[in-house]
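Student:
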Amino acid sequence: MGTQSEQSPTAYSLLLLLFIPLRPLLNRILTYCGHGELLILAGFTLAFGATALFEQVGLKGDLGALLAGALIANSTKSKEIYTNLMNFKDLLLVGFFLSIGLYGLPSLPLTWVALILVSALIIKPILFFFLFVAMKLRARTALLSSLALSNYSEFGLIVVSLAVSQAHLDPNWLVMMAIALSLSYLVASPFNKSAHFIFAKHQRFFQQFESKTRLPIEQPVYIGQTKVLILGLGRVGTGVYDHLQRTCDTSIVAIEENSEKAQQRQLAGYNVIHADGNDSQFWQHLDLSYVELIMVNLSNHQENRSVVKLIKKTSYQGVIAVMVRFPDQRLELEALGCIVFNLYDEAGHGFAEHVLENVRLT
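Residue numbers for the sequence shown follow my numbering, so the first one is 40 and each next one is one higher.
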């Protein structure tokens, strides 16, 4: 590895610039690959092929993989490739940890160093919280972000692994860092899982540190005299919005937590606001006096249930409709007074109904 990095690039490295005009061809190839195993294989081929090609001309192979990713970043298949390859990333990460374990157990002094690093985690989220508050973020945003960043990153382990491979550090340091990283996840996970509950219980305490001025994105949301509120503008939410807009002469507003998706839908002409439906302050400051129907179709059942409970704490008296996937989820939300639509149970009915609208059986 060290010899390769000391090589000078060959004259053929200039030919790599031809990859830039080849982007449309790469996108067409990815589109041709469809949605199955061939697309996954294409992703691996791009990564490893670009790596090998860069190494052949005296450049770092990692740079080749980076360039391959950049070339297909705006492709219609980029998100699908990312989702598929992330599963392999988790598998490779397990193998990486296994290879570290093969170095053996760390010495007692290094074990104490790992424990000291883990004990220092209490300082990390506190520093992040006050940093985010100073940057004019709300206390809730600052708390959730600081807790999400509280554990140590596996990238630190990769850096130490590189130092060990270059003989700059003893292998025992790599094992020590692996122990510290693993323990940091164990310590941080319960706090991240209960982050919303922690803020709700101690809301006044955290809010006393807020800045008087807020970033524009952190300002309260105004929806006017909206009659229908749709939470979540994914594939199902978008379909709900389109159908209601075609069939109902009423005002509709969609709430989307993902800022990128919200911006894309805004450009496409949707009346969408970027906000988090799991934010208790969002519902506290939202005027629901004109809203008659709230349709909740977020990514998982826990989020849907949490949003319904937050709505129930307001003065809202209208209808709440929620999408679920399993019968036990349906019973739980019906007990909260919601109209529940089971996506899997109703899919067959919707499919048959759609076909019968276009086919007349004898």
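Glycine included, C-beta positions come from ideal geometry on N, C-alpha and C.
(1) Once DSSP output is grouped into helix, strand and coil, what is the label at leucine 337?
(2) Output the residue ranges of the alpha helix (DSSP H) runs that lie fully inside the segment 108–176 and measure 4 residues or longer, sorted by chain position.
(3) Under 8 Å, do leucine 213 and tyrosine 142 count as touching if we go by C-beta distance?
(4) If you check the beta carbons only, do asparagine 336 and valine 279 fall under 8 Å apart?
(5) Taking only the alpha-carbon atoms, compute the straight-line gap between phenylalanine 58 and alanine 81 and give it to the nearest angstrom.
(6) Could you give the distance in angstroms between the alpha-carbon of isoleucine 79 and the alpha-carbon of serine 290?
(7) Give the C-beta separation of lysine 175 and arginine 243 to the nearest angstrom, bearing in mind that I take them to be a contact with Cβ-Cβ under 8 Å.
(8) From which residue to which residue does the alpha helix (DSSP H) around isoleucine 262 run?
(9) Determine whether the beta carbon atoms of alanine 153 and methionine 215 lie at a separation below 8 Å.
(10) In chain order, what residues of the same chain lie with their CB nearer than 7 Å to the CB of cysteine 377, ignoring the 5 residues before and after it?
(11) Is the separation between the beta-carbon of serine 223 and that of valine 157 shorter than 8 Å?
(12) DSSP on alanine 391, reduced to helix/strand/coil?
(13) What are the complete alpha helix (DSSP H) segments, minimum 4 residues, inside the segment 75–104?
(14) Please name the residue in Glu76, Ala109, Leu144 whose C-alpha comes closest to that of asparagine 123.
(15) My output table needs one value for asparagine 297: the three-state DSSP class, helix, strand or coil.
(16) Can you look up alanine 360 in the DSSP assignment and give me helix, strand or coil?
(17) Is it buried or exposed for threonine 84, if we count other Cβ within 10 angstroms and need 16 for buried?
(18) Among Ile218, Val260, Arg179, Leu56, which residue has its Cα nearest to the Cα of phenylalanine 245?
(19) Please report how far the alpha carbon of serine 114 lies from the alpha carbon of leucine 130, in whole angstroms.
(20) Suppose you measure from the CA of valine 133 to the CA of serine 221; what does that come to, to the nearest Å?
(21) When you compare each of Ser250, Leu325, Arg304 to isoleucine 350 by their alpha carbons, which one comes out closest?
(22) Do the segment 159–171 and the segment 186–195 meet, that is, are 3 or more Cβ pairs less than 8 Å apart?
(23) By alpha-carbon positions, which one of Ser319, Leu98, Asn66 ends up nearest to valine 260?
(24) Pick out whichever of Leu64, Arg274, Ala112 has its Cα sitting closest to the Cα of alanine 301.
(25) Judging by CA-CA distance, which residue of Leu332, Val330, Thr286, Gly276 is the nearest neighbour of tyrosine 309?
(26) Determine the direct distance from the alpha carbon of tyrosine 121 to that of glycine 73, and round the result to whole angstroms.
(27) According to DSSP, simplified to helix, strand and coil, what is phenylalanine 409?
(28) Around the C-beta of proline 48, are 16 or more other C-beta atoms found within 10 angstroms, so that it is buried, or is it exposed?
(29) Where do the ends of the beta strand (DSSP E) carrying valine 311 lie?
(30) Decide if histidine 388 is buried, meaning its Cβ has at least 16 other Cβ atoms within 10 Å, or exposed.
(31) Less than 8 Å between the CB atoms is what I'm expecting for alanine 107 and alanine 89, so what's the real figure, rounded?
(32) So, with DSSP's three-state summary, where would you put isoleucine 59?
(33) Under three-state DSSP, which class holds valine 330?
(34) Using DSSP bridges, identify the partner residues of leucine 272.
(35) Does DSSP put valine 398 in a helix, in a strand, or in coil?
Tutor: Reading from the atomic positions:
(1) For the purposes of this step, residue 337 is taken as residue 298 along the sequence shown, with counting starting at 1. Leucine 337: coil per DSSP, three-state reduction.
(2) 117–140, 147–158, 162–173
(3) For this step, residue 213 is matched to residue 174 along the sequence shown. For this step, residue 142 is matched to residue 103 along the sequence shown. Cβ distance < 8 Å, so leucine 213 and tyrosine 142 count as in contact.
(4) Position 297 of the sequence shown holds residue 336. Position 240 of the sequence shown holds residue 279. Yes, these two residues count as a Cβ contact at 8 Å.
(5) Position 19 of the sequence shown, counting from 1, holds the residue named residue 58. Position 42 of the sequence shown, counting from 1, holds the residue named residue 81. Rounded to the nearest angstrom, the two C-alpha atoms are 16 Å apart.
(6) In the sequence shown, residue 79 corresponds to position 40, counting from 1. In the sequence shown, residue 290 corresponds to position 251, counting from 1. Each residue's Cα considered, the two are about 42 Å apart.
(7) By 1-based counting over the sequence shown, the position of residue 175 is 136. By 1-based counting over the sequence shown, the position of residue 243 is 204. Their Cβ separation, rounded to whole angstroms, is 19 Å, which puts lysine 175 and arginine 243 out of contact at 8 Å.
(8) On the sequence shown, position 223 is the one that residue 262 refers to. From DSSP, isoleucine 262 is part of no alpha helix (DSSP H); its letter is neither H nor E.
(9) Taking the sequence shown and counting its residues from 1, one reaches residue 153 at position 114. Taking the sequence shown and counting its residues from 1, one reaches residue 215 at position 176. Against a cut-off of 8 Å, the Cβ pair of methionine 215 and alanine 153 comes out as a contact.
(10) Translated into positions along the sequence shown, residue 377 becomes position 338. Here the set comprises Val347, Ile359, Ala360, Val361.
(11) As a first step, residue 223 is located in the sequence shown; it is residue number 184 there, counting from the start. As a first step, residue 157 is located in the sequence shown; it is residue number 118 there, counting from the start. Yes, the pair counts as a contact, with Cβ atoms nearer than the cut-off.
(12) One-based indexing of the sequence shown puts residue 391 at position 352. The answer is helix: DSSP assigns alanine 391 an H, G or I state.
(13) 76–95
(14) Locating residue 123 in the sequence shown gives position 84, counting from the first residue. Per the Cα distances, Glu76.
(15) Working through the sequence shown from its first residue, we reach residue 297 at position 258. It is coil, neither helix nor strand.
(16) As a first step, residue 360 must be located in the sequence shown, where it is residue number 321. Looking at alanine 360 - three-state DSSP - the assignment turns out to be strand.
(17) The residue given as residue 84 occupies position 45 in the sequence shown. Answer is exposed; the Cβ neighbour count stays below 16.
(18) Here residue 245 is taken as the residue at index 206 of the sequence shown, counted from 1. Per the Cα distances, Arg179.
(19) The residue labelled residue 114 in the question sits at position 75 within the sequence shown. The residue labelled residue 130 in the question sits at position 91 within the sequence shown. Serine 114 and leucine 130: Cα-Cα distance of roughly 25 Å.
(20) Within the sequence shown, residue 133 is the residue found at index 94, counting from 1. Within the sequence shown, residue 221 is the residue found at index 182, counting from 1. For valine 133 and serine 221, the distance between alpha carbons rounds to 12 Å.
(21) Position 311 of the sequence shown, counted from the first residue, corresponds to residue 350. Nearest of Ser250, Leu325, Arg304 to isoleucine 350, Cα basis: Leu325.
(22) Taking a cut-off of 8 Å for Cβ pairs, the segment 159–171 and the segment 186–195 touch, as three or more such pairs fall below it.
(23) To locate residue 260, count along the sequence shown from 1; it is residue 221. Nearest of Ser319, Leu98, Asn66 to valine 260, Cα basis: Ser319.
(24) Counted from its first residue, the sequence shown places residue 301 at position 262. Alanine 301 has its Cα closest to that of Arg274, out of Leu64, Arg274, Ala112.
(25) Here residue 309 is taken as the residue at index 270 of the sequence shown, counted from 1. Comparing Cα-Cα distances from tyrosine 309 to each of Leu332, Val330, Thr286, Gly276, the minimum goes to Gly276.
(26) Against the sequence shown, residue 73 aligns to sequence position 34. Against the sequence shown, residue 121 aligns to sequence position 82. Taking the straight line joining both Cα atoms gives about 14 Å.
(27) The shown model of the chain, from 40 to 401, leaves out residue 409, and the question about it has no answer.
(28) The residue given as residue 48 occupies position 9 in the sequence shown. With fewer than 16 Cβ atoms within 10 Å of its Cβ, proline 48 is classed as exposed.
(29) Taking the first residue of the sequence shown as position 1, residue 311 is located at position 272. 311–313 is the span of the beta strand (DSSP E), which, as asked, contains valine 311.
(30) Residue numbering aside, residue 388 sits at position 349 when the sequence shown is read from its first letter. So histidine 388 ends up on the exposed side.
(31) Translated into positions along the sequence shown, residue 107 becomes position 68. Translated into positions along the sequence shown, residue 89 becomes position 50. So it is a contact: roughly 4 Å between Cβ atoms.
(32) In the sequence shown, counting from the first residue as 1, residue 59 sits at position 20. Correct three-state label for isoleucine 59: coil.
(33) Your numbering for residue 330 matches position 291 in the sequence shown. DSSP places valine 330 in coil when its eight states are reduced to three.
(34) On the sequence shown, residue 272 is found 233 positions in, with the first residue counted as 1. For leucine 272, which the question treats as bridged, DSSP gives no partner whatsoever.
(35) Here residue 398 corresponds to residue number 359 of the sequence shown, with the count starting at 1. Note: valine 398 maps to coil in three-state DSSP.
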